[in-house]
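Chains A and B, in that order, are what the protein sequence lines are. When you line the first sequence up against the working numbering, it's residues 16 to 25, in that order. When you line the second sequence up against the working numbering, it's residues -6 to 205, in that order. For each residue, glycine too, the CB sits at the ideal point set by N, CA and C. Computed from a prediction, not measured in an experiment: that's the story for all the values here. Report on the structure given below.
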Amino acid sequence: HALQIPHDEL
Amino acid sequence: MNIFRLTGDLSHLAAIIILLLKIWKTRSCAGISGKSQILFALVFTSRYLDLLTSFISLYNTTMKVIYIGCAYATVYLIYAKFKATYDGNHDTFRVEFLVVPVGGLAFLVNHDFSPLEILWTFSIYLESVAILPQLFMISKTGEAETITTHYLFFLGLYRALYLINWIWRFYFEGFFDMIAIVAGVVQTILYCDFFYLYVTKGEGRSQLSIPT
């Protein structure tokens, strides 16, 4: 379980 | 990264720099909503906590640091350095009416019920409405300085460009983020009235009036 879903946008 | 995403980011950066320079050069924050600027600082802080947990690219990290730094610098100029010029009497939007519902919504509608993800979701929802205190202030005083309208134009343009970026990414990458898209649509819609006035009445005038 990741800490957070990766968000590649600003 | 596509051209719409890049120009969106640069438009966002332009807006932030325009506001910072305006306040710095005129040594005044008259007509600027400190409440909106606090909300934007809160948006960047809650969204970019992933600076501490994940690395995406040098571009990504650099922009995040610049956005956060500029947001806090703006808040500092308004509430400390040029506090005497801050027009608090007209900056009367009740921000708790935004922050509380947005916080509740972030808990209820998110991609993953984890602390960082909820904070990210909160920042996306909050950003979509963070400009309302500024628009409220302009409608209350009935006018905005030209440079303030340029700030608002670039700030609105940024999310509109992101909408095109999301359409692009959906077709070419299969990328689809419902939360960002819905919030982005709401955010862009809030600027539409302003865009109309900016284009039709803004040119050649020193001040822009938004009818109440």
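- Listed in chain order, the alpha helix (DSSP H) elements of length 4 or more contained wholly in the stretch 171 to 197 of chain B are 171 to 194.
- Residues of chain A whose Cβ lies closer than 8 Å to the Cβ of residue 17 of chain B do not exist, since the nearest Cβ in that chain is about 23 Å away.
- Residue 81 of chain B and residue 38 of chain B have their C-alpha atoms spaced approximately 24 Å apart.
- Nearest Cα to residue 28 of chain B within the set B/85, B/56 and B/52: B/85.
- In chain order, 25 make up the part of chain A whose C-beta sits under 8 Å from the C-beta of residue 60 of chain B.
- According to the DSSP assignment, residue 63 of chain B belongs to the alpha helix (DSSP H) that extends over 51 to 69.
- Any Cβ of chain A closer than 8 Å to the Cβ of residue 2 of chain B would place that residue at the interface, and such an atom is present.
- Under the criterion of beta carbons closer than 8 Å, residue 181 of chain B and residue 148 of chain B do not qualify as touching, at roughly 11 Å.
- Annotated three-state conformation of residue 138 of chain B is strand, per DSSP.
- If you check each beta-carbon in the stretch 31 to 51 of chain B against every beta-carbon of chain A, the ones closer than 7 Å belong to 43, 46, 47 and 49.
- Residues of the stretch 104 to 134 of chain B whose Cβ lies closer than 8 Å to any Cβ of chain A, in chain order: 104, 105, 107, 109, 110 and 113.
- Within 7 Å of the CB of residue 57 of chain B, the CB atoms of chain A belong to 25, in sequence order along the chain.
- Counting C-beta pairs with one atom in each stretch, the stretch 55 to 62 of chain B and the stretch 161 to 173 of chain B have fewer than three that are closer than 8 Å, which means they do not touch.
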